[in-house]
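Chains as they are written, first to last, in this note's numbering: chain A, 77 to 429; chain B, 77 to 429; chain C, 77 to 429; chain D, 77 to 429; chain E, 77 to 429.
Glycine is no exception: its CB is placed at the ideal position from the N, C-alpha and C atoms.
Note sheet for the following structure.
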Amino acid sequence: MTEAFVNPSEKMGLPPGTLVHVGKLPAKACRVTLIRYTADLAEEFPVENIDDILSHRQPGTTLWIQFEGLDTVELLTDIGLQFDIHPLVLEDILNTHQRPKFEEHRNYCFVVLKTLACREALAVQHEQISLLLFEDMLLTFRERADNLLDNLRQRVLHSKSRIRTLGSDYMAYAVMDTVVDNYFTVCDTLEETIESIEMTLLDRPQPRTFATIQLIKRELIHIRKVIAPLREVLLAIQRSDSDLIHEKTQLYFRDIFDHTLRVIDTMDSYRDLINGMLDIYMSIVSNRMNEIMKVLTIFATIFIPLTFLVGVYGMNFEYMPELRWRWSYPVLWLLFFLLSTVLLIIFKKKRWW
Amino acid sequence: MTEAFVNPSEKMGLPPGTLVHVGKLPAKACRVTLIRYTADLAEEFPVENIDDILSHRQPGTTLWIQFEGLDTVELLTDIGLQFDIHPLVLEDILNTHQRPKFEEHRNYCFVVLKTLACREALAVQHEQISLLLFEDMLLTFRERADNLLDNLRQRVLHSKSRIRTLGSDYMAYAVMDTVVDNYFTVCDTLEETIESIEMTLLDRPQPRTFATIQLIKRELIHIRKVIAPLREVLLAIQRSDSDLIHEKTQLYFRDIFDHTLRVIDTMDSYRDLINGMLDIYMSIVSNRMNEIMKVLTIFATIFIPLTFLVGVYGMNFEYMPELRWRWSYPVLWLLFFLLSTVLLIIFKKKRWW
Amino acid sequence: MTEAFVNPSEKMGLPPGTLVHVGKLPAKACRVTLIRYTADLAEEFPVENIDDILSHRQPGTTLWIQFEGLDTVELLTDIGLQFDIHPLVLEDILNTHQRPKFEEHRNYCFVVLKTLACREALAVQHEQISLLLFEDMLLTFRERADNLLDNLRQRVLHSKSRIRTLGSDYMAYAVMDTVVDNYFTVCDTLEETIESIEMTLLDRPQPRTFATIQLIKRELIHIRKVIAPLREVLLAIQRSDSDLIHEKTQLYFRDIFDHTLRVIDTMDSYRDLINGMLDIYMSIVSNRMNEIMKVLTIFATIFIPLTFLVGVYGMNFEYMPELRWRWSYPVLWLLFFLLSTVLLIIFKKKRWW
Amino acid sequence: MTEAFVNPSEKMGLPPGTLVHVGKLPAKACRVTLIRYTADLAEEFPVENIDDILSHRQPGTTLWIQFEGLDTVELLTDIGLQFDIHPLVLEDILNTHQRPKFEEHRNYCFVVLKTLACREALAVQHEQISLLLFEDMLLTFRERADNLLDNLRQRVLHSKSRIRTLGSDYMAYAVMDTVVDNYFTVCDTLEETIESIEMTLLDRPQPRTFATIQLIKRELIHIRKVIAPLREVLLAIQRSDSDLIHEKTQLYFRDIFDHTLRVIDTMDSYRDLINGMLDIYMSIVSNRMNEIMKVLTIFATIFIPLTFLVGVYGMNFEYMPELRWRWSYPVLWLLFFLLSTVLLIIFKKKRWW
Amino acid sequence: MTEAFVNPSEKMGLPPGTLVHVGKLPAKACRVTLIRYTADLAEEFPVENIDDILSHRQPGTTLWIQFEGLDTVELLTDIGLQFDIHPLVLEDILNTHQRPKFEEHRNYCFVVLKTLACREALAVQHEQISLLLFEDMLLTFRERADNLLDNLRQRVLHSKSRIRTLGSDYMAYAVMDTVVDNYFTVCDTLEETIESIEMTLLDRPQPRTFATIQLIKRELIHIRKVIAPLREVLLAIQRSDSDLIHEKTQLYFRDIFDHTLRVIDTMDSYRDLINGMLDIYMSIVSNRMNEIMKVLTIFATIFIPLTFLVGVYGMNFEYMPELRWRWSYPVLWLLFFLLSTVLLIIFKKKRWW
């Protein structure tokens, strides 16, 4: 079971909109940072309370506020009140068991995505990343700090690139693009594993191979569950007529949409490959079994009549004329030889081996 | 078979709209209670007849009338007449074999849901809950009294929360949210069972494991049948332009919609997991069988020629020169040893073990 | 093969619209009856020719004309001419291999349904029932007389119920409701059979059990083929803006639609159950086989080396020192005992039983 | 492989619209005939060149021009020029590997269908028939002459039926109706084969039975590929607002649409039946195998210990006290008898037979 | 793994729109050529830099610029700036892991397709071909030079055909048509392989046959992944109301659409055939296994009791009366003969062979 399967029912009974962080991660020290940027200048500040945000909000500048960790319920409540965010949205940010989704509200848009991380070959983990897009401000919420968005942060801070000039919606795009691009890394890891299994499969399949294939299959089920809804999310964004997403940026979202389709296609073809490999495994196992059975059958079928014959001449009857004939023994060996040869020829003809 | 499979045809032949309670539950004493609330005040009253309802209906207050048990046909008939409810709707309330659905009528909306209860691991039971939403009044109908809605009742009665101020449609939302949140509990129970089976499966699979997997699979079929139509119900509510559901509340229904999608996704991934586990079980069983067969084959194939040989020298021919040679017996043992070693090496090379 | 699979190509080559009764049933004496009713009065008359119908048609009254049997080609031709019915519609009434469908014409609506009858457990039979709905008249056409619509007939004739006041479209609804309600009876029969098979399956599965499961599966294929198109038919009726179906009655058709969805859902869950049962059967059979093979293997594997050993000391070599030793025989028995015990312990450890 | 699988890539590299007959059939003498008809009169003429057609085209008359064989490239080119037919359409007429389709052009409609012919039980062949529908003219193109349309031809020529009065679109309908009605013949043949296989299957299944089932399955795949697109074609015709298809005729096309749905439904239920039969076959084969294995196991398991015992008393030890006892031999026989009885009882209890 | 599965994540971390060639092919010398044509004249020029293009652009002429190889990043950047192409489009041209797609931009259309090449039977390779369609100019981008478009190039250069007169959109059609027509070659190759496997399968199936079937199955998965999106691409082109695609050319795109549907249909029927062949293979293997097992069983079952009997008379008891009877030995042989005959008759009756 991957992480997301923990306690989705923990909140049951509480009134909807109660802000509690529902998730598996321990409440680590939450880091909130704010990047204020214009085309010319970009600066980063730590955020402690709502005033740190309000004081940096100025016409003509764009803010990107990153939450790494979700245990800042007070700050979040303040933000909710200050910027008129619906309680259910705040709840969805904290409850990290959401399905990817896109919601348009009067003065902001809300996007939930899942990031995939693939530390080991078969331990894909997913985390929730939520985006709140305002006209001049982007808030991103993640469960913990890692280096997924570091590249992007460097780009905003240090290079006078497109990202500085195109506003908060482009910044939202940039974050989502990073998330989706990261899916390809997971694809690559999976593919390597699939390829190495294919090698093993054709070389020397073992029960362990079967187990690994099953594990990948399960992994794909989980990943698909996380990625598939993204398709509709991105369609919804493209169809949205919100003022917050400018026409110029729409083109970029279409690009992410294409990438998402590609990831889904790839996952689907992996699933087909995996199913094919299961068939191949089954067939190899059953072929080997058949081969073993054939050897047994051939051995047994040849020796059964011979053993019967030697038994016959091991009987202790007083009146068995053959026992006294001079050439009985060598003749019997000849018979053994002929009998087994005939049987082997028959088996050969029947293509038993 | 779960309960809902009983006698859906019991009513056949009666004119449509005849009010008969069709369901498995015995007609227990039906409890009807009424909660009248405003933002400031909330009171609960028992309801005996239609007048108990009419006397509490006042402008500015909202009523929540709970039916726990469905044997109050007279009261229901009176309500139907008083509030102009269509006979088919009344029939659907009493016949608890309905599919989840949403119907808009002139002066009220009608919603049918299923609650899931999961007393034991593999005995998920479902019950019908029907909602009649009027401008200033919500009626909920359940087959029996349990504590599912108690939390909600306490919230309305004792805390001055949002629920008191947002009208009957928000109250309908709150009821539906409780129902859907409860699905997650069932998910959790199922998941625990699935996980414990996975353990058993990898440790020591048994026919009983197989049976349990099949039982869960069947459970999932039933649950899906109950939950799947909910998707369309909630879509219909969101698309509805009824005056009874205010725009403010729509957002909350969208939230339930997301939850429902999540439950369905989870159920689907469970189904995939279960199917994977069936494959694994089959494969483990067949692997073990193969292992057994291999041992038999190796034993048999080695001893068959040896047994033939000892048979040969057990024959009673008078003229068998080997019988008289001094070293025949030790040489034969050597032969036995060599023969079996060679066969073992061949088998080893063919990777039979 | 159920009945509907007979001779759909019989009519080939004839110009379309030629009236020939295509169906399996022998042309029994066809019974045509007419019920004329108003809110206050209802009378039944036999119908011989077109004049019997025309003479009873009066403003303010509604006619329900029942055809039980389809060999009245002349009467039907007259009706076609008199009421301006399209030749293809008449053809579809007589050719009972139609798919369920709904057609709006200028002055009438045409509905084709299938009734299911389930005389024995696994012999579900279907018949066609066609409805021609005029403003003041409903014609129903069935292949033979049975008691399916008797209840309805009694209701119209003897009780002053809603049915008398709501016009021909409500009567059409009443007929269709009876047909769909009857599907639930078939569901119940199937369910009983499925449950009894489940019992047998867990108790003592036999090849016959497998055959029965397959038969039910086939039955479900046929039933689904008959019922599935009904969904679209009822959707089409609901979307229809024909004047013939009054808004008031639409609600009732929505009710049938819900029932149909429920039947289809139920059939689908039966199919899933049946597939699960096939898996269980297969698994039980293969488990038993495995058990048998294990016993063989254990027996054989233990006795094969023992039998080899007794063969060794049955050899007739002159120089076999063991043969002369005093304790050879008891020592050998001890060896037999130890060897088999060791093998049994190994098998036990490997969990072979 | 059925015929249609030949050389669809033959034309590659040629500019689109190049008129080459792509198909398997040898270029037989192509027969082109023209039927000119009004409500009162119908005459048939052979066609050699474009003038034969132009000279018969008169206001108030309808022409039906039949091409039986497709090697009249010149005539076709002339027709293309004269009646302003798009080169791609002409190409599609000659290249008989088209998918069924419907195309509306400015002055004509173009329909491609497939006819099915079923000379032997399992050799369904399909051919292309293309229709060009003009206001006063219908051209049909077939790969060879057979008697499929003869009936229709007779009807136009010799009976003053509806077909003479309803224009070229009705004639197109009549041709398409004949084609689709012919599908039912194929259905019947398939059904007979399926039924006869069912008999064999339950009586005495053989590898040949399996092969036949597989052949039918393949046949169904091919037929479905040919028929399935027809659904969309007929939907397109019904949705078309071309002036060439009059409202009156639309009703007839809806009728063909219904027939097509019925054929597809039937094919789908055949596929399900066939799959069920494959399962049954597999199960019967495996049941028989199990039975054989059981007999072997029972025989072996009973005799293995007995044979061991007789081996014991065949040993040549000098000191074996039993050998000298008076009643050893009969006691041993008694032991044999008891041992085998006990084993048989155990097997019986375990329900091995 | 086919080529397209390499490094789709290579670009991760770079800002979107960075021009890097992502693909497996080594950067060979890239060849860029320009064909300028009018109805009367067509000339070909090599292209080195952006000026080579600009100088040939004249009113009334159409340009077709072919990129064979994608390492001309500078030239491409210049083109992007000059003709106002969106950076994401340029990126998609260079990153050859795109899904087939169609994008409309203000002044140009962008199409991505995949070409299939089938050098050996089971090594289908796909490459990306991108098209940029301007009012008077078509740019095609391919990963390497091969002869796929040579035919087309010859047609433009040397024959005064339709292609010279119909503008850049028709040229785009001609390129796409060549690509799609080429799919049929792949279909043919696959079909030949499928047919030859079918032969082998019915003649003498071997594990290698199974492997080949699995390989084709995998090939089909890959091809489908490449071709399936084309359907939507061509639908989008047909629905597009861009000025760049003239109504006259739309008809041609509909033709490609039909071809694509045909390829997809064919691929689907191949997949069904392949699955059927896998079933047949499995059944043949299991049939042969059964046959082998039957022979073993019959041999063993007949000889087991006989061998027991000879063992009995090999025992060395002093008091065994039969040993001394004169006719024991011949009577025993008679018994052997009778016993085996009876068993054979029983097996025959049970239809074991």
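Can you pull the chain C residues whose beta carbon is under 8 Å from the beta carbon of residue i, in chain order?
i                 : result
Asp355 of chain D : Gln290, Leu354
Asn449 of chain B : Residue 449 of chain B lies beyond the stretch modelled for chain B, which goes from 77 to 429, so this question has no answer here.
What does a CB cutoff of less than 7 Å around residue i pick up in its chain, not counting 5 residues either side in sequence?
i                 : result
Arg330 of chain A : Gln314
Arg347 of chain B : Leu296
Trp428 of chain A : Lys370, Ile374
Anything in chain C within Cβ reach of residue i, meaning under 7 Å, just list it in chain order.
i                 : result
Ser206 of chain B : What Ser206 of chain B touches in chain C: nothing, since even the nearest Cβ is about 13 Å away.
Give a yes or no on whether 8 Å exceeds the smallest Cβ distance from residue i to chain B.
i                 : result
Gly156 of chain A : no
Ser404 of chain A : yes
Ala103 of chain C : Its pLDDT being 46, under 50, Ala103 of chain C is placed unreliably in this model, and the value from its coordinates should be taken loosely. Cβ-Cβ to chain B under 8 Å: no for Ala103 of chain C.
How many angstroms separate the CA atom of residue i from the CA atom of residue j?
i                 : j                 : result
Ile422 of chain E : Leu414 of chain A : 29 Å
Pro102 of chain E : His322 of chain A : Low local confidence applies: a pLDDT of 49 at Pro102 of chain E is under 50, so the model's placement there is unreliable, and no value is given.
Leu411 of chain D : Lys424 of chain B : 41 Å
Lys426 of chain E : Asn366 of chain E : 15 Å
Ser359 of chain E : Pro406 of chain C : 53 Å
Less than 8 Å between the C-beta atoms of residue i and residue j, yes or no?
i                 : j                 : result
Gln158 of chain D : Ile111 of chain D : no
Leu214 of chain E : Trp140 of chain E : yes
Leu310 of chain E : Thr336 of chain E : yes
Val262 of chain C : Leu192 of chain C : yes
Gln290 of chain B : Gly352 of chain C : yes
Ile239 of chain D : Arg218 of chain D : no
Closer than 7 Å by beta-carbon distance: list the chain E residues that pair up with residue i, in chain order.
i                 : result
Phe379 of chain D : Ile380, Pro381, Phe384
From the beta carbon of residue i, is the nearest beta carbon of chain A less than 8 Å away?
i                 : result
Lys370 of chain B : yes
Arg294 of chain E : yes
Tell me, please, whether the CB atom of residue i is closer than 8 Å to any CB atom in chain E?
i                 : result
Leu198 of chain A : no
Ser64 of chain A  : Not covered by the structure: residue 64 of chain A. The range shown for chain A is 77 to 429.
Would you say residue i reaches chain D, if we count a Cβ-Cβ gap shorter than 8 Å as a contact?
i                 : result
Ala193 of chain C : no
Thr78 of chain C  : The predicted model places Thr78 of chain C with a pLDDT of 38, which falls under 50 and marks its position as unreliable; any figure quoted below should be read in that light. Not closer than 8 Å to any Cβ of chain D, the Cβ of Thr78 of chain C fails to qualify, so no.
Arg175 of chain C : yes
List, in chain order, every chain D residue whose beta-carbon is nearer than 7 Å to that of residue i.
i                 : result
Phe393 of chain E : Tyr389, Leu399, Ser404, Tyr405
Indicate whether at least one CB of chain C lies closer than 8 Å to the CB of residue i.
i                 : result
Lys270 of chain B : The sequence given here places Ile at residue 270 of chain B; Lys does not occur at that position. Cβ-Cβ to chain C under 8 Å: no for Ile270 of chain B.
Taking C-beta pairs closer than 8 Å, name the residues in chain B that residue i reaches, listed in chain order.
i                 : result
Thr30 of chain C  : Chain C is shown from 77 up to 429; residue 30 of chain C falls before or after that span and cannot be answered.
Met396 of chain C : Tyr405
Can you name the residues of chain B whose CB is closer than 9 Å to the CB of residue i?
i                 : result
Ile169 of chain A : Within chain B, no residue comes near Ile169 of chain A; the closest Cβ sits about 13 Å away, beyond 9 Å.
Output needed for residue i: all residues of its chain with C-beta closer than 8 Å, excluding positions within five of it in sequence on either side, in chain order.
i                 : result
Thr138 of chain E : Arg112, Tyr113, Thr114, Asp212, Met213, Leu214, Gly243, Ser244, Met247
Mind checking whether the beta-carbon of residue i lies closer than 7 Å to any heavy atom of the ligand FAD?
i                 : result
Met358 of chain C : The ligand FAD is absent from the structure shown, which contains no ligand whatsoever.
Task: chain G contacts from the region 323-340 of chain E (Cβ-Cβ distance under 8 Å) - done: In summary, chain G is missing from the structure at hand, where the protein chains are A, B, C, D and E.
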